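S.K.:
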Amino acid sequence: MTDNIPLQPVRQKKRMDSKHRSGCCECMRCCGRRDPRPRTVWLGHPEKRDQRYPRNVINNQKYNFFTFLPGVLFNQFKYFFNLYFLLLACSQFVPEMRLGALYTYWVPLGFVLAVTIIREAVEEIRCYTRDKEVNSQIYSKLTARGTVKVKSSSIQVGDLLIVEKNQRVPADMIFLRTSEKNGSCFLRTDQLDGETDWKLRLPVACTQRLPTASDLLQIRSYVYAEEPNIDIHNFVGTFTREDSDPPVNESLSIENTLWASTVIASGTVVGVVLYTGRELRSVMNTSNPRSKIGLFDLEVNCLTKILFGALVVVSLVMVALQHFAGRWYLQIIRFLLLFSNIIPISLRVNLDMGKIVYSWMIRRDSKIPGTVVRSSTIPEQLGRISYLLTDKTGTLTQNEMVFKRLHLGTVAYGLDSMDEVQSHIFSIYTQSQDPPALKGPTLATKVRKTMSSRVHEAVKAIALCHNVTPVYESNGVTDQAEAERHYEDSCRVYQASSPDEVALVQWTESVGLTLVGRDQSSMQLRTPGGQILNFTILQIFPFTYESKRMGIIVRDESTGEITFYMKGADVVMAGIVQYNDWLEEECGNMAREGLRVLVVAKKSLTEEQYQDFEARYVQAKLSVHDRSLKVATVIESLEMEMELLCLTGVEDQLQTDVRPTLETLRNAGIKVWMLTGDKLETATCTAKNAHLVTRTQDIHIFRLVTNRGEAHLELNAFRRKHDCALVISGDSLEVCLKYYEYEFMELACQCPAVICCRCAPTQKAQIVRLLQERTGKLTCAVGDGGNDVSMIQEADCGVGVEGKEGKQASLAADFSITQFKHLGRLLMVHGRNSYKRSAALSQFVIHRSLCISTMQAVFSSVFYFASVPLYQGFLIIGYSTIYTMFPVFSLVLDKDVKSEVAMLYPELYKDLLKGRPLSYKTFLIWVLISIYQGSIIMYGALLLFESEFVHIVAISFTSLILTELLMVALTIQTWHWLMIVAELLSLSCYIASLVFLHEFIDVYFIATLSFLWKVTVITLVSCLPLYVLKYLRRRFSPPSYSKLTS
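Quick note on this note's numbering: the sequence shown kicks off at 13 and runs consecutively.
1) Can you list, in chain order, the residues of its chain whose CB lies under 7 angstroms from that of histidine 834, leaving out five sequence neighbours each side?
2) Buried or exposed: which applies to leucine 455, given that a residue is buried once 16 or more other Cβ atoms fall within 10 Å of its Cβ?
3) If you reduce the DSSP assignment to three classes, tell me which class isoleucine 186 lands in.
4) Just to confirm before moving on: does the CB-CB distance between serine 358 and serine 865 stay below 8 angstroms?
5) Going by other Cβ atoms of all chains shown within 10 Å of its Cβ, with 16 needed for buried, is leucine 729 buried or exposed?
6) Would you mind sorting tryptophan 987 into buried or exposed? The rule is 16 or more other CB atoms within 10 Å of its CB.
7) So what does DSSP say about alanine 156, is it helix, strand or coil?
8) Excluding the 5 residues preceding and the 5 following leucine 550 in the sequence, name in chain order all residues of the same chain whose CB lies nearer than 8 angstroms to its CB.
9) Taking its Cβ as the centre, do 16 or more other Cβ atoms sit within 10 Å of cysteine 139, making it buried, or is it exposed?
10) Using C-beta distances below 8 angstroms, list every residue in its chain close to valine 127, excluding the 5 sequence neighbours before and after it, in chain order.
11) From this set, Pro120, Thr219, Lys161 and Val414, which residue's C-alpha is nearest asparagine 353's C-alpha?
12) For a quick check, are the C-beta atoms of lysine 1063 and glutamate 655 less than 8 angstroms apart?
13) Roughly how many whole angstroms lie between the Cα atoms of leucine 1059 and isoleucine 964?
14) List the residues that DSSP assigns as beta-bridge partners of isoleucine 552.
15) From the DSSP output, in three-state form, read off methionine 40 for me.
16) Quick one: grab the DSSP three-state call for cysteine 658.
17) Are the CB atoms of aspartate 664 and asparagine 411 nearer to each other than 8 angstroms?
18) Per the DSSP calculation, threonine 409 is bridged to which residue(s)?
19) Would you call the CB atoms of isoleucine 440 and valine 523 closer than 8 angstroms?
20) Give the single residue among Arg707, Gly406, Ile894 and Trp938 whose Cα lies nearest to the Cα of serine 822.
21) Taking all protein chains shown into account, decide if cysteine 769 is buried (16 or more other Cβ within 10 angstroms of its Cβ) or exposed.
22) For alanine 825, does the count of other Cβ atoms within 10 angstroms reach 16, so buried, or fall short, so exposed?
23) If isoleucine 150 sits next to lysine 161, beta carbons under 8 angstroms apart, how far is it from one beta carbon to the other, in whole angstroms?
24) Compare the C-alpha of valine 423 against each of Asn679, Leu657 and Ala644 and name the closest.
25) Using C-beta distances below 6 angstroms, list every residue in its chain close to leucine 545, excluding the 5 sequence neighbours before and after it, in chain order.
26) Using 10 angstroms around the beta-carbon of phenylalanine 1008, count the other beta-carbons present and answer buried if the total reaches 16, otherwise exposed.
27) With which residues is isoleucine 574 paired in a DSSP beta bridge?
28) Using three-state DSSP, classify threonine 389 as helix, strand or coil.
29) Considering just the uninterrupted stretch of the alpha helix (DSSP H) at glutamate 726, what are its terminal residues?
30) Quick check on the burial criterion: 16 or more other C-beta atoms within 10 angstroms. Buried or exposed for lysine 472?
31) Quick check on methionine 652: does DSSP put it in helix, strand or coil?
32) Given this structure, state the Cα-to-Cα distance separating glutamate 132 from valine 124, to the nearest angstrom.
33) What ranges does the beta strand (DSSP E) occupy inside the region 762 to 816, keeping only unbroken runs of at least 3 residues that lie completely in it?
34) Taking the beta strand (DSSP E) that glycine 249 falls in, what are its first and last residues?
35) Grouping DSSP H, G and I as helix and E and B as strand, with all else coil, what is leucine 610?
36) Closest by CA to glutamate 485, which one among Leu418, Thr280 and Gln434?
Laid out in structure tokens, this is it:
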């Protein structure tokens, strides 16, 4: 079993402390600031508690009712950008600094904050609704009044809960009773630790012996348990019953626990609740949700700081040119307010509304149905991912095993030739009632075996050497007892700790040899003719990660023959079986196909040989010192010169289109790391099968290291390898990160692919964090289970796959998809478009503001550096709203290539990783364009106006609006009908509003021919050179995508 393998998460103490320091409100409310302590829990008496425990609620919200408004406002004003506008608006309350009406400053700021608050509120409400759904799941609770229904959020420490088959365990519990006759139950834990193997759990012996479940309330008993901690693979506690004579004491270990987020796979269980809420093992292994700020937003924030620097410089120059006369410090402040348009307040609104549009487009995309955007603040992140960290089970694979290959050395059977195997088995059991394999061992070795008997022996070995139990359930027609008595096929399901084993047994059933019954000491097989073969189980040696093999000794009841069967990994079995020349080569061939290979062997034992072995085995098990070593030595005495029967190849079915998706991501310049809680062999097989590791690449399996010296040697060995994928276990990773963090990350980042197996949830998050710190690149984490939540929340961009088991990962993620293949389109199409559109939009909004600021600077310098605004009141608000808002915002619909082309040529995505759409170079180009156009418009208006100042305003403002509309048209790459509507609507709005703007513009003057030709000339001089430059650039130095669209 996997339960005994300790898997210590990284830097356990530090991680736990931070977990308890955070969530301060909850902490103070629930149990003060005390450190967690061991606890005594009385069965069925939650009121007898010795300390206060947290409520059993799942909470993925960033804020609560009281912290929402302060939290959102703080997150807004911690941006330099927004803080600047708040100070600007507040300054207008001082009479000496006032430049215009108050509404010109407060209305835009209020609008920005309102949009942000509404968006955050909608996301919080959605999050609250999802959490409420999970917290409202109904469970059955045993009380003195009988069984009552209770919500998950109302469960308390000490409650006795009944959990049905296929139901999620709502809290950490101790297993008290099961309805299964064999007195145990299986758990599915892939949501907790990522392992596909089912775990066997045992109830407390004392409570399992009670006649009924209600008797649990009649006895005086309690559980003493350790303090809550992060370790999901270990537990220490005791069970005490006081009212028996003498009192009963039982030790409790991990085998007696049912952790939250696991699913009951067999029977109905009763347990007592030990830990709830934030003290759950699964919750402690997840980090608190954080507000993610996109890299794009940080870059824009950086540009606004540069603009602020320019604003201060321009203001100082203006005052310096006045020779700092009079109250110059007030003049500086007035100029700062006058040129405040240099930093556009509408930038934040446009970008935030753009994000909403991108999120809507993702949700509406019919090619990726069911995709949900849970965090609409970071869609641009999707366009710049450098590292993708993915879970294996349920994300890349379906966690469904299929038997693909049986290899006997001279002949191999694939899926298309299984009917031959079936006919061999059928012929063996119809020729005679006594199959050849069941005759004496001496005869079998002398006579050359027929192909049928070789196939039969291999199939029989696979049908007997396992830990699978057939279970019968009523199917509506046949009840359970009858189904069990008649071995009813339609009612039978197989239960095992590993889906691989179930696949093997289902395959033997398909070829004619069916496992129909099993208990602790016997096994029954049914032949194609319906005859039942009985076998006694004499010994069983379970699979462990150290031994990498499992064995069983059975006695055939009909002949009395004793056989030792064994199956295991090729690396260990090669030294156990008799010499052969095909094992190594065929194992390699099957592994390259991505199959999980098991080697099956057998050895016939005489009664004397077995009795001798049993005596030594029992003796070894009784020894106190070095017990495990002595037991292993005795078993190894049997594991010699075994007869090699066959190789089996089982495939974990990949999700649809995983291979092309991974290939697309690789071609896009994204490095893929697989982080899984599963075994090394399984992870390596899946990596090969999914082509995460290409056929030409070598794989370096990092040896298990436990100290600094070993880590140093192994890192040096790895350094000498080139272009090879790395496979490393969680334990070795922890040692490497402890002593050689920088060196390890440097080497790992150079690998084309990295596979980390046996990873704890906190380790996954730590790897993401280290990648961010060491490379400075953007990371995306993809997972489907509760064990992936930490990684998803830590990554710059978290994607949850809605798996078969719960929605924990998809609820905690920024984006939720239904299949892994949708990730390709999400990144290549939506991520790329979002980033390019936001880059164009942000730079255009900055250009729009710099144009009007340049005109103000020219105007002030011509009129003796007076701090007088060029445009006042509605003109200044209308310029960035109704006159230009729609065409500028329509840039969010622009695209350079069709989505099909973006998917076909993922190399286009690689260009974005350099951050070229928004860089200092592109920013500088737009600044120069703004200065050129603003200067041309202002100087043109000053040159061409004749008599009145109001004519300057009319000519310059009209030219400015037309220039902006033409510049939008110049920027657009693919026209959308809404863009044309926006351009025409804005022009119509401006022309219509001229009637009402008589206090700023001479209405009679704008109707003259003189006005029209002057505006036309100025607009042409400001825009025509840019159109010519664009044409020449497209002609002689076209961008990469234009070659694909032409």
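Heads up, the beta-carbon is just placed ideally off N, CA and C, and yes, glycines get one too.
For clarity, every value in this text was computed on a predicted model and none was experimentally measured.
M.R.: According to the structure shown:
1) Taking the sequence shown and counting its residues from 1, the one referred to as residue 834 is at position 822. In the same chain as histidine 834, and ignoring 5 residues on each side of it, the C-beta atoms closer than 7 angstroms to its own belong to Ile380 and Thr383, in chain order.
2) Counting from 1 along the sequence shown, the entry for residue 455 is found at position 443. Residue placement at leucine 455 is flagged as unreliable, the pLDDT there being 45, under the threshold of 50; the coordinate-derived value follows with that caveat. It counts as exposed.
3) The residue given as residue 186 occupies position 174 in the sequence shown. In the structure shown, isoleucine 186 sits in a strand (DSSP, three-state: E or B).
4) Position 346 of the sequence shown, counted from the start, is the residue given in the question as residue 358. Position 853 of the sequence shown, counted from the start, is the residue given in the question as residue 865. Going by C-beta atoms, serine 358 is not nearer than 8 angstroms to serine 865.
5) Here residue 729 is taken as the residue at index 717 of the sequence shown, counted from 1. Correcting the residue type first, residue 729 is alanine in the shown sequence and not leucine. So alanine 729 counts as exposed.
6) Residue numbering aside, residue 987 sits at position 975 when the sequence shown is read from its first letter. Exposed, because fewer than 16 other Cβ atoms sit within 10 Å of the Cβ of tryptophan 987.
7) Sequence index remark: in the sequence shown, residue 156 carries index 144 (1-based). Coil, per DSSP.
8) Sequence index remark: in the sequence shown, residue 550 carries index 538 (1-based). Only Ile565, Val566, Arg567, Ile574, Tyr622 and Glu626 meet the Cβ criterion.
9) The sequence position of residue 139 within the sequence shown is 127, counting from 1. With 16 or more Cβ atoms within 10 Å of its Cβ, cysteine 139 is classed as buried.
10) Residue mapping note: residue 127 aligns to position 115 of the sequence shown, counting from 1. If we look at valine 127 and ignore the five residues flanking it on each side, its Cβ neighbours are Val361, Asp364 and Met365.
11) Reading the sequence shown from its first residue, position 341 is the one you call residue 353. The residue with the shortest Cα to Cα distance from asparagine 353 is Pro120.
12) For residue 1063 there is no data in the structure shown, the boundaries of the chain being 13 and 1058.
13) Given a span of 13 to 1058 for the chain in the structure shown, any question on residue 1059 remains unanswerable.
14) Indexing the sequence shown from 1 puts residue 552 at position 540. Ile564, per the DSSP bridge assignment.
15) Residue numbering aside, residue 40 sits at position 28 when the sequence shown is read from its first letter. Any reading at methionine 40 must be qualified, since the residue scores a pLDDT of 37, below 50, and its modelled position is unreliable; the value itself is stated next. Helix at methionine 40.
16) Counting from 1 along the sequence shown, the entry for residue 658 is found at position 646. DSSP places cysteine 658 in strand when its eight states are reduced to three.
17) Position 652 of the sequence shown holds residue 664. Position 399 of the sequence shown holds residue 411. The answer is yes: Cβ separation under 8 angstroms.
18) On the sequence shown, position 397 is the one that residue 409 refers to. Residue pairing by DSSP puts threonine 409 in a beta bridge opposite Leu666.
19) For the purposes of this step, residue 440 is taken as residue 428 along the sequence shown, with counting starting at 1. For the purposes of this step, residue 523 is taken as residue 511 along the sequence shown, with counting starting at 1. No, they are not a contact pair.
20) Here residue 822 refers to the residue found at position 810 when the sequence shown is read from its first residue. It is Gly406.
21) Taking the sequence shown and counting its residues from 1, the one referred to as residue 769 is at position 757. By the 16-neighbour rule on beta-carbons within 10 angstroms, cysteine 769 is buried.
22) The residue given as residue 825 occupies position 813 in the sequence shown. That one is buried.
23) Taking the sequence shown and counting its residues from 1, the one referred to as residue 150 is at position 138. Taking the sequence shown and counting its residues from 1, the one referred to as residue 161 is at position 149. Contact holds; Cβ gap of about 5 angstroms.
24) Along the sequence shown, read from residue 1 onward, the residue named residue 423 stands at position 411. Out of Asn679, Leu657 and Ala644, the CA that lies nearest to the CA of valine 423 is found in Leu657.
25) Mapped onto the sequence shown, residue 545 falls at position 533. Closer than 6 angstroms at the Cβ level, and outside the excluded window around leucine 545, lie Leu537.
26) Taking the first residue of the sequence shown as position 1, residue 1008 is located at position 996. If you draw a 10 Å sphere on the C-beta of phenylalanine 1008, you find fewer than 16 other C-beta atoms in it, and that means exposed.
27) Residue mapping note: residue 574 aligns to position 562 of the sequence shown, counting from 1. In the DSSP output, where bridge partners are listed per residue, isoleucine 574 has Arg567 and Leu617.
28) Locating residue 389 in the sequence shown gives position 377, counting from the first residue. Reduced to three states, the DSSP call for threonine 389 is coil.
29) By 1-based counting over the sequence shown, the position of residue 726 is 714. From DSSP, the alpha helix (DSSP H) with glutamate 726 extends over 720 to 731.
30) To locate residue 472, count along the sequence shown from 1; it is residue 460. Around the beta carbon of lysine 472, 16 or more other beta carbons sit within 10 angstroms, so the residue counts as buried.
31) The residue you call residue 652 lines up with position 640 of the sequence shown. Note: methionine 652 maps to coil in three-state DSSP.
32) Mapped onto the sequence shown, residue 132 falls at position 120. Mapped onto the sequence shown, residue 124 falls at position 112. When rounded, the distance between both Cα atoms is 13 angstroms.
33) Counting whole runs of 3 or more residues, the region 762 to 816 contains the beta strand (DSSP E) stretches 765 to 769, 790 to 795 and 809 to 813.
34) In the sequence shown, residue 249 corresponds to position 237, counting from 1. For glycine 249, the enclosing beta strand (DSSP E) stretches over residues 249 to 253.
35) Stepping through the sequence shown from its first residue, residue 610 is reached at position 598. Three-state DSSP puts leucine 610 in a strand.
36) The residue you call residue 485 lines up with position 473 of the sequence shown. Ranking the options by Cα distance to glutamate 485, first place goes to Thr280.
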